[in-house]
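Chains as they are written, first to last, in the working numbering: chain A, 2 to 194; chain B, 193 to 331.
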């Protein structure tokens, strides 16, 4: 009887695995781990400071587009980090079911001993379409939404995850401000705190 | 076909009910089942619910009568799979404590150093610890 149940079990897993491979990109847990592990430097930037810098950037340099890098960005650019694409409903922080797997992969990575005990910024970015302050607020909500899902559904310890939204203030490709490549969730390992 | 899938799902629940587990799956594998089996129902009935705080689970519960049979069966499986992986990960360090002390004496804890050592020492490491590492998804 037990053998029979186990056969059913592995059959179910195989079916799930096979269907998943064809539907998804080949993003893997180990890819996330490899990009994020090995925090060396101490970074003296807090999530609050980074968030504040984004708001100040809009006040200081109003206009349709943000100027160059945020002042604090240089300190973060060299840290261990990884960009993922998570899809949300339009103008909303609701994660679409198609991206649940990606959030699960992040949870898989963060739950390994390689990354445990280190603090991560979860940074939300938009493209440059639409007003900057609107994008900033939306990206904050989306970063918080990803953090919440990780902390509640997948029980990643909340004390190690800090959500920050940067809207369109820190584009990935400033030459193409409206490109989808700018829409991303960035995980940054800010080390042991 | 539907009946067969349901049988598999029930099989998972029955097989994984005892404490001694045969296998666990990662969080991505588990939650992927929810997207696959409930994605349509979520987009139809739970347009304002979120993945956080079991929002999707609660919404599907409330709409249980309308939600597809497959979704109702599989979403319970997803919850179980996540719980099992969490339990396996919580248990692994304790189960491997002795092996770590024996085979990874000078290894500095943290950043996965001990796990890396245990993985390397796999042939010497005890069966219980090796199984615990498998179940935690740490290999």
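Cβ atoms here follow ideal geometry from the backbone N, Cα and C, with glycine treated the same way.
DSSP three-state label for residue 35/A, please. Taking the first residue of the first chain as position 1, residue 35/A is located at position 34. Residue 35/A falls in the helix class under three-state DSSP.
By the three-class DSSP mapping on this structure, what secondary structure does residue 164/A have? Sequence index remark: in the first chain, residue 164/A carries index 163 (1-based). In this structure, DSSP gives residue 164/A an extended state, which the three-state scheme calls strand.
State buried or exposed for residue 333/B, treating a residue as buried only when at least 16 other CB atoms are found within 10 Å of its CB. The question about residue 333/B has no answer here: the residues shown for chain B are numbered 193 through 331.
Proximity to residue 297/B [Cα-Cα], best of 257/B, 315/B, 310/B, 222/B: In the second chain, residue 297/B corresponds to position 105, counting from 1. When only C-alpha atoms are compared, the closest one is 310/B.
3-residue-minimum beta strand (DSSP E) runs that sit fully inside the region 51–118 of chain A, ordered along the chain: 82–85
Please go through the same chain and pick out, in chain order, the residues whose beta-carbon is closer than 7 Å to the beta-carbon of residue 22/A, but skip the five residues on each side of it. Translated into positions along the first chain, residue 22/A becomes position 21. Bear in mind that the predicted position of residue 22/A carries a pLDDT of just 41, short of 50, making it unreliable; the figure below should be weighed with that in mind. No residues qualify anywhere along the chain.
Selected residue, minimal CA-CA separation from residue 31/A, among 225/B, 258/B, 218/B: As a first step, residue 31/A must be located in the first chain, where it is residue number 30. Out of 225/B, 258/B, 218/B, 218/B has the C-alpha closest to the C-alpha of residue 31/A.
According to the neighbour-count rule (16 or more other Cβ atoms, all chains shown, within 10 Å of its Cβ), is residue 91/A buried or exposed? In the first chain, counting from the first residue as 1, residue 91/A sits at position 90. Label assigned to residue 91/A: exposed.
Does DSSP classify residue 252/B as helix, strand or coil? Position 60 of the second chain, counting from 1, holds the residue named residue 252/B. Helix.
Between the alpha carbons of residue 306/B and residue 80/A, how many angstroms are there, rounded? Indexing the second chain from 1 puts residue 306/B at position 114. Indexing the first chain from 1 puts residue 80/A at position 79. Whole-angstrom Cα-Cα distance: 24 Å.
Chain-ordered chain A contacts of residue 234/B [CB-CB under 7 Å]: Sequence index remark: in the second chain, residue 234/B carries index 42 (1-based). Within 7 Å of the CB of residue 234/B, the CB atoms of chain A belong to 98, in sequence order along the chain.
Taking Cβ to Cβ, would you say residue 224/B is nearer than 9 Å to residue 105/A? Counting from 1 along the second chain, the entry for residue 224/B is found at position 32. Counting from 1 along the first chain, the entry for residue 105/A is found at position 104. Cβ distance < 9 Å, so residue 224/B and residue 105/A count as in contact.
So with CB distances below 9 Å, who are the chain B contacts of residue 104/A? As a working mapping, residue 104/A is identified with position 103 in the first chain. The contacting residues are 219, 220, 223, 243.
N-terminal and C-terminal residue of the beta strand (DSSP E) that residue 219/B is part of: Walking along the second chain from the start, residue 219/B turns up at place 27. Per DSSP, residue 219/B belongs to no beta strand (DSSP E); it is in the alpha helix (DSSP H), 219–237.
Unbroken stretches of the alpha helix (DSSP H), 4 residues or longer, contained in the region 278–327 of chain B: 289–295, 305–312
What does DSSP give as the partner residues of residue 121/A in its beta bridges? Stepping through the first chain from its first residue, residue 121/A is reached at position 120. According to DSSP, which records beta bridges pairwise, residue 121/A is partnered with 162/A, 190/A.
Three-state secondary structure (DSSP) at residue 185/A? As a position in the first chain, residue 185/A is number 184, starting the count at 1. Residue 185/A: strand per DSSP, three-state reduction.
Cut-off 6 Å between Cβ atoms - residues of its own chain near residue 155/A, not counting five sequence neighbours on either side: If you number the first chain from 1, residue 155/A lands on position 154. Counting only Cβ-Cβ distances below 6 Å, and skipping sequence neighbours, we find 108.
Residue 50/A: which of 83/A, 73/A, 66/A sits nearest, CA to CA? Working through the first chain from its first residue, we reach residue 50/A at position 49. Among 83/A, 73/A, 66/A, the Cα nearest to that of residue 50/A belongs to 73/A.
Rounded to the nearest angstrom, how far is the Cβ of residue 86/A from that of residue 173/A, given a contact under 8 Å? Along the first chain, one-based indexing puts residue 86/A at 85. Along the first chain, one-based indexing puts residue 173/A at 172. Between residue 173/A and residue 86/A the Cβ distance is about 11 Å, and since that is not below 8 Å, they are no contact.
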